[in-house]
Structure formats: C-alpha cells, structure tokens
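Each residue of the sequence shown is one higher than the one before, counting from 18 in my numbering. No residue lacks a Cβ here, since even glycine has one placed at the ideal position from N, Cα and C. The block underneath contains the structure these notes are about, expressed in structure tokens.
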Amino acid sequence: MDNEQPHQEHVKCVVVGDTAVGKTRLICARACNARLTLNQLLTTHIPTVWAIDQYRIYKEVLERSCEVVDGVNVSLRLWDTFGDHDKDRRFAYGRSDVVLLCFSIANPMSLRNCKVIWYPEIRRFCPSTPIVLVGCKNDLRYMYRDEQFLSLCRDRSPFFRPLRESDILSPEQGRSVAKEIGAPYYETSVLTHFGVNEVFENVIRAALLSRRQQRFWMTNLKHVQRPLLQVPFCPPEPRPPQVIVPPPQFEDDMLSLLHSQMYTDVIFLTGKVGFAAHKSVLSAVCNSLYKLFTLDIAAEGTLGGRSASDSSVVSSSDSSVGNFSTDTEQLLTESPHSVITCASFCLSRSHHNANQNNVSETRHGSVRRRSSCQIHPESLTHGTNIPTGVRRILDHRAYQCISIERCEGLDHRGRVTSSIQTIVTLANVITPSAMQNCLRFLYTGDLDHKMCINMTELLEAAELMDIPELQLMITSGPHSQKDIRADLHEKFAQKVRNRMREVCLHQGLFSDVYFQLEDGLCCAHKPILMARCDVMAAMFRGDFRESSAKVVHFPGVTKCCFQQLLVYLYTDEIDDTVTPSNCLEILELANRLCLPRLVGLVEQKVIHDFIKLSNAGKDTTEHALRLLEPCQMHNADQLADWCLYHIAVNYNDICRKTPKLLRNLHPENQAYLNRNRWPPVWYLKEYDYYERCVRERQWQEKPPKVFKRHRNNSTSGCLCFTGRSRNSDSKRAYRTV
C-alpha cells in the first residue's frame with residue numbers, strides 16, 4: 018500500500034545520532050502519534066529501529082505522513098538508523114532529501130559526536146543534503162531535579178546515577194554546534210510533545226528549499242519558507258509543596274489522661290468501685306455534670322463560697338453560673354440526714370443569698386464564688402482553709418450525693434500524698450462497667466468495641482446521666498453504617514471543642530495553675546496540659562519547682578500567643594487569630610514545646626491565607642521574604658519551603674520591587690533561589706535571543722522603505738550643496754523602522 022498521489026512531493030528524511038538519544042521515540046511520536054508516560058520512557062533501553070515498511074503495512078501511518086506545508090502537498094518518509102558508529106548506513110543515506118541529526122541534551126558526548134563523527138559521515142554520503150540538528154529529551158532540562166522522576170529512576174535500578182547540572186546542555190551550546198555545521202537548531206520532547214510536529218515541518222521546508230534550488234522551474238515550491246524559528250520552551254511552573262499535617266492525637270491523649278489519672282479532682286463511687294476523673298473535662302462534655310460540679314455544696318453553715326483543693330481551684334464564673342436555676346435546684350431535696358442542705362434549699366432565693374452572705378461574713382470574712390480567671394495568684398500560692406466533710410444529698414436519678422473529702426493516694430513519684438476530692442455517689446442502677454464506658458465515651462467520644470459491653474446497662478446509665486450523644490450511638494447499633502457513626506462522632510467532637518473553649522478557656526473553670534507571661538496572667542489545667550504536651554508533662558512531673566508551683570513563670574511569651582497555644586491543646590484546632598503577620602510567635606512556642614501538629618496546622622493556615630490573598634490580587638512576596646528565615650530557624654520547614662517556592666516563582670517581580678530584601682537573605686537561600694527561579698535564567702536568555710532573531714528576520718524579509726529628501730528645484734544650490742526653501746523643513750519627515 019503506497020497510495021502515492023499526483024502533485025505530491027515525497028521527502029525522505031534519515032534520522033541519525035548516537036544510541037539512546039531518542040531517535041526511535043521521536044519517529045514514533047510523529048509517525049504513530051505515540052504518547053508515552055514517564056514510566057514507559059524510563060524503561061531499560063533496547064536498541065531498536067523503526068521499520069520503513071510500516072508505511073506499506075499500516076494505513077494510519079501512511080495517512081499521517083501526508084501533510085501540507087506552505088501550500089505544498091508532501092508525503093514525509095522517515096528512515097530510522099542504529100546509533101552504533103561502526104554500522105554501515107550507506108543504504109539509508111541513499112537518495113535522502115534531508116538528514117535529521119539527533120543528540121540528547123542530557124548527554125554532552127552525544128552533542129560532541131554530532132560534530133566529530135556524524136557530520137563527517139553525512140557529508141561523505143550526502144555532500145549537499147540539508148541537515149537539521151535536534152536536541153531530544155528537552156524535558157530533562159527541568160525534570161532532572163524532580164522528586165517523582167528521581168524516585169522512579171531509583172526504583173528502576175539501584176545503580177542509578179542522578180543527572181547533575183553539569184550534564185544538562187544549554188540551548189546555546191546546541192545552537193553553537195548547529196552554526197558550525199550550517200544547520201537550523203530545534204529541540205523536542207516526546208514526553209510533553211514539545212516541538213515534535215514543528216521539527217518535522219521545518220525538516221520538510223529544508224528539503225523543499227534544497228529541491229527548489231535544483232528545480233527552479235517548479236512553481237509549487239515558490240512559496241516555501243525558510244525553516245522557521247522555534248519559540249523557546251518555557252518549563253512548567255513548579256508545583257507548590259504539599260503541606261502534610263501530622264495526624265490528630267486528641268482522642269488518644271484524652272484516653273491516656275483518663276487512664277493515667279493525673280491530678281484528678283473527682284471520684285465517682287458506684288458500689289465499692291471508684292473512678293477518678295477530672296471535673297474540667299467532664300463539665301465541658303456533659304451538661305448535667307457541669308450543673309453538678311458548679312453546685313454550691315456549702316451554701317449555708319460555716320462557709321458561703323465554693324471549696325478549693327490543692328490540686329484544683331474549684332470555682333465558677335458568677336456570670337455563667339450565678340444563682341442556681343430551677344433545673345439545678347431540682348437536684349436538691351430535703352433530707353433528715355442533712356439539715357444544712359435541706360434548710361438552704363428550702364429558703365427562697367433572696368433569703369438564701371442573704372443568709373449565705375451573713376453567715377459567710379461573720380465567720381470567715383467575705384468569701385465569694387468567683388471565676389478562676391478572677392482568683393488572685395496569692396490565693397493559689399498561699400492556699401486557703403478548705404473544708405472537708407461537707408455533704409449534700411441530691412434528688413437525682415443518677416447522683417445520690419456529693420461531698421468533699423480529703424483522700425490519700427500515690428503521686429507520680431510513688432510517694433503518699435493527700436488531696437481534696439469531690440466524691441459523687443452514683444445510683445445503684447449504674448454498674449461499674451457502665452460507668453467505665455460512660456467515662457471513656459465522655460473523654461474520647463467513642464466506645465471500646467473490643468470489650469464485651471452490656472448495651473442495656475450502658476443505655477440506662479446514659480439516660481440517667483443525661484448523655485444524649487451516647488444514647489444515640491447505642492440506639493444506632495454497633496453494626497450501623499460507618500458514615501452514620503462517623504457523623505455522630507464528628508458532631509460530638511465538635512460539641513466538645515466548642516464547650517472546651519467556653520468552659521475551660523473562657524470561664525477558666527476548675528483551673529489549677531497560672532502562667533506568668535510577659536503581659537499578664539493566664540490560667541490553665543495541669544492534667545490537660547500534661548496529656549497534650551510532653552514538655553508540660555515533664556515539667557509538672559519532674560523534680561522542677563514548676564511541678565508544685567501555682568504560678569509558673571513563662572518568659573518571652575505574650576498572653577495572646579499563649580491563648581493560641583491553649584486553644585490548640587484544649588480543642589486540637591488552630592485559633593482564628595493566627596495570621597501571616599503574627600504567626601512567628603506561635604511557631605516559636607510550638608517548636609519550643611515540641612508540638613509538630615501545631616506547627617503543621619499553623620503552616621497550613623498561613624499558606625491558605627497567602628493563597629487567598631494572592632488570588633485577591635494582593636502582593637504577598639514581601640511577607641514571604643520576611644517569614645522565610647525565621648521559619649527555617651523555628652523548624653517550620655514546610656512553610657519555609659512554600660516561601661522559597663513563592664519567592665522563586667515571583668523572582669522577577671521581587672527583583673524589580675524589593676531587591677534589597679532579596680540581597681539580605683542568607684547566601685544559601687540566595688543560591689537556592691538563583692538555581693530554582695522560574696522562569697529560569699536560560700529561558701529568559703533564549704527568549705531574548707528569539708525576539709532578536711525574529712526582528713532580524715523581519716528586517717531581512719521586509720526591509721524598511723527609504724524615504725528620499727524632497728528637493729525643491731526652484732532654488733538653486735552652490736557647488737555640491739543643494740538649495741532648499743524655507744518651508745522645506747516643516748514638510749520634510751524622516752522615518753525609521
């Protein structure tokens with residue numbers, strides 16, 4: 018099947034060059050429109066030759082060989098050759114119209130051989146045949162440092178030697194050799210298909226121009242142009258680095274907090290079994306426990322305020338709790354065993370408050386309930402006379418009574434220590450197993466599915482303790498859809514985060530430690546800090562004075578920054594007040610406290626804000642320049658890498674706007690930016706050269722018209738000087754192109 022047509026020019030193009038430079042891939046890309054992936058291109062090279070008889074066998078290949086170039090109908094026939102230097106290619110060169118000489122831009126020796134070996138061979142067999150020089154594998158000029166490319170190469174062979182910058186040939190080097198051998202120069206890439214069709218179009222032009230010189234009478238070749246200039250290939254903009262945030266550990270930390278029983282301040286008694294827990298966590302999670310723990314047990318008698326312990330400042334905010342509401346008062350009932358409790362409940366609200374204040378002021382001075390944010394550190398440091406044995410009977414289905422007792426136990430060093438605990442006696446219907454699972458759910462939002470759980474007992478306990486989320490999870494069934502359980506879990510987790518912000522951070526309820534910061538005091542909870550931060554755990558557990566201090570000095574940290582830290586520790590979220598302009602302080606603190614997830618969250622938010630500002634048309638390069646080196650100092654490597662990327666892709670604009678900031682960077686950063694700037698320097702030089710060549714070619718093809726001076730014949734001149742009229746200056750015009 019030859020399918021030759023009349024008035025069709027046949028062009029035989031012989032493709033030569035060193036082995037493994039990409040000759041056969043280039044031919045397949047043009048003749049068969051082959052599209053190859055990076056994995057396919059990195060397969061082990063096997064020397065092959067594209068058979069010329071494929072034009073006869075495959076109709077599609079023959080049809081793709083036909084092309085119209087500058088109005089001339091052409092059939093291009095490509096001849097592949099082996100790259101071995103000792104092969105006899107005499108037959109391939111025979112009757113060739115053009116020779117395509119290939120080299121690899123990642124192999125300097127292949128370019129040297131073009132001038133030393135291949136050009137003499139071509140001229141020996143084809144003295145007058147035009148030559149076109151082509152640099153193959155153009156994509157390696159920017160991919161040789163790509164991590165995906167390098168990893169694929171390493172997977173292919175353990176002996177892979179990565180390409181070095183010195184191995185990559187510049188376009189100027191290829192163009193220099195092309196000038197020496199008198200050939201036009203082009204570059205191609207089979208991976209990106211850059212220049213594939215363009216090269217062969219200009220190969221056809223070179224062949225037709227040579228044919229027109231020999232057959233000047235052929236009118237159909239009259240409009241054939243010289244090989245056109247190739248627009249330089251601009252590497253694609255590098256991909257922004259991906260920010261990887263370490264996975265959350267909030268649930269695991271809360272579970273370890275429950276199991277370790279660090280600085281507990283409440284004990285739930287069910288039968289003869291006691292469960293130690295933390296009022297700060299339970300108050301934030303469960304509304305009924307919040308009302309229970311904020312209940313004023315010593316409402317009448319010798320005390321008029323809330324009790325406080327050595328390990329926990331038991332307090333509540335007057336604005337948030339105030340006088341007990343009707344729902345809270347329903348927890349109380351008259352009891353013959355507790356005269357004080359009964360009397361305080363039976364009194365009216367106003368009389369109750371007045372009686373309470375009178376008794377308090379006469380016996381113990383003015384003692385009032387106040388938020389832990391309002392408690393002065395002196396009261397934490399010197400302590401107060403804390404009553405024990407105060408007990409109140411409750412009229413509640415789940416809680417029988419609540420009392421404050423001094424209990425003895427072992428601290429983290431194994432020494433006997435005493436602390437004041439709030440004792441809550443549960444109803445008999447709540448079994449120890451059910452209470453254990455309830456506490457696990459309140460701390461983590463999930464159940465231990467590995468244990469054999471009596472769902473009936475657990476559901477009854479959840480109903481009595483008023484835990485609606487646990488009831489919903491139990492009624493949905495253990496075999497319910499994962500999406501439903503995940504949705505329930507996420508809603509509960511979001512509720513916990515919001516309540517932790519409100520109860521623990523904003524109200525400071527049951528806080529037991531203060532931090533003296535640069536601009537004020539900030540309260541917190543030791544057990545939560547220890548569970549969420551290893552550095553805090555080491556500080557409060559070890560033989561440091563901070564382990565027993567009520568006020569911990571924290572120099573170099575502002576209150577705003579510490580609040581951002583607490584938001585993360587209590588909610589596992591980043592605070593909304595973190596912005597690109599103030600993120601360095603929290604990054605420094607997170608790095609000091611060894612909190613990689615907090616660092617990752619800050620990096621993620623700052624980068625998101627940068628992208629949002631850039632999309633809005635605002636310039637963020639100056640912010641990136643100022644953040645770069647401090648981020649490197651504080652181990653915020655992902656944000657530093659993103660800043661380097663952002664500076665590199667906007668390098669030209671930065672050089673025009675703020676070159677001083679660029680020059681003030683560390684020499685290593687400057688070297689990195691010079692090496693990775695986009696567009697690269699070689700492309701800018703190539704594009705300038707391309708524009709200059711385009712202007713020169715336009716000048717050659719369409720020279721500017723020369724305008725002659727207007728001569729006024731009415732005025733005669735003297736000797737060689739021509740005369741001119743006075744008005745000739747105004748009428749005369751010089752134009753340049």
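Annotation: the continuous beta strand (DSSP E) that includes THR439 extends over 433-443. Under the DSSP definition of a beta bridge, ALA51 lacks any partner. HIS651 is classed as buried because its beta carbon has at least 16 other beta carbons within 10 Å across all chains shown.
LEU208: not part of any alpha helix (DSSP H); DSSP gives it neither H nor E.
Going by beta carbons, GLU422 and SER435 fall outside the 8 angstroms limit. ARG181 and ARG158 have their C-alpha atoms some 10 angstroms from each other. Looking only at TRP699, ASP156, LYS196, VAL302, the smallest Cα-Cα distance to MET517 is reached by VAL302. Linking GLU268 to VAL666 through their CA atoms gives a straight-line distance of about 40 angstroms. Assignment of GLU703 by DSSP, reduced to helix, strand and coil, places it in the helix class. Using a Cβ-Cβ distance cut-off of 8 angstroms, the region 634-643 and the region 670-690 are in contact, since at least three pairs of beta carbons, one from each stretch, lie closer than that value.
A distance below 8 angstroms separates the beta carbons of CYS153 and THR205. In this structure VAL86 touches ARG222 by the C-beta definition: roughly 6 angstroms separates them, less than 8 angstroms. Rounded to the nearest angstrom, the Cβ distance from ASN219 to TYR203 is 7 angstroms, consistent with a contact under 8 angstroms.
For GLY152, no alpha helix (DSSP H) segment is defined; the enclosing uninterrupted segment is the beta strand (DSSP E) at 148-153. ASP97 is positioned such that its CB atom lies no closer than 8 angstroms to that of THR60.
Residue environment: GLU620 is assigned as buried (16 or more neighbouring CB atoms within 10 Å of its CB, all protein chains considered). If you ignore the 5 residues before and after LEU58, its C-beta comes within less than 8 angstroms of the C-beta of ARG42, VAL207, LEU208, all in its own chain and listed in chain order. Each of SER121, VAL28, LYS567, GLU713 was checked against the Cα of GLY191, and the nearest Cα belongs to SER121. Your pair LEU118 and ILE74 does not check out as a contact, with CB atoms roughly 28 angstroms apart and the cut at 8 angstroms. Looking from the CA of GLY406, the closest CA among ALA415, VAL441, ASP412, VAL433 belongs to VAL441. In this structure, the straight-line span from the alpha carbon of TYR668 to that of GLN687 is close to 11 angstroms. Secondary structure of CYS550 (DSSP, three-state): coil. In this structure, DSSP gives SER121 an extended state, which the three-state scheme calls strand.
In the three-state reduction of the DSSP assignment, VAL569 falls in the strand class. Judged by their CB atoms, ALA415 and LEU443 are nearer to each other than the 8 angstroms cut-off. Residue burial is scored here from C-beta neighbours: ASP670 has fewer than 16 other C-beta atoms within 10 angstroms and is therefore classed as exposed. It is roughly 7 angstroms from the alpha-carbon of GLU254 to the alpha-carbon of TRP695. Following the DSSP letters along the chain, one finds ALA293 inside the beta strand (DSSP E) bounded by residues 290-294. CA-to-CA, the gap between PRO613 and PHE99 works out to about 56 angstroms.
Looking at the DSSP output, THR287 sits in a beta bridge with VAL290. Going by C-alpha positions, ASN124 is about 26 angstroms away from ARG107. When DSSP states are grouped into helix, strand and coil, GLN524 belongs to the coil group.
For ILE671, the enclosing alpha helix (DSSP H) stretches over residues 668-674. Distance from the Cα of THR473 is smallest, within the candidate group ASP483, LEU522, ILE447, ILE69, for ILE447. Rounded to the nearest angstrom, the gap between the Cα atoms of GLN25 and ILE44 is 21 angstroms. In the DSSP assignment, GLU182 falls outside any beta strand (DSSP E) and carries neither an H nor an E.
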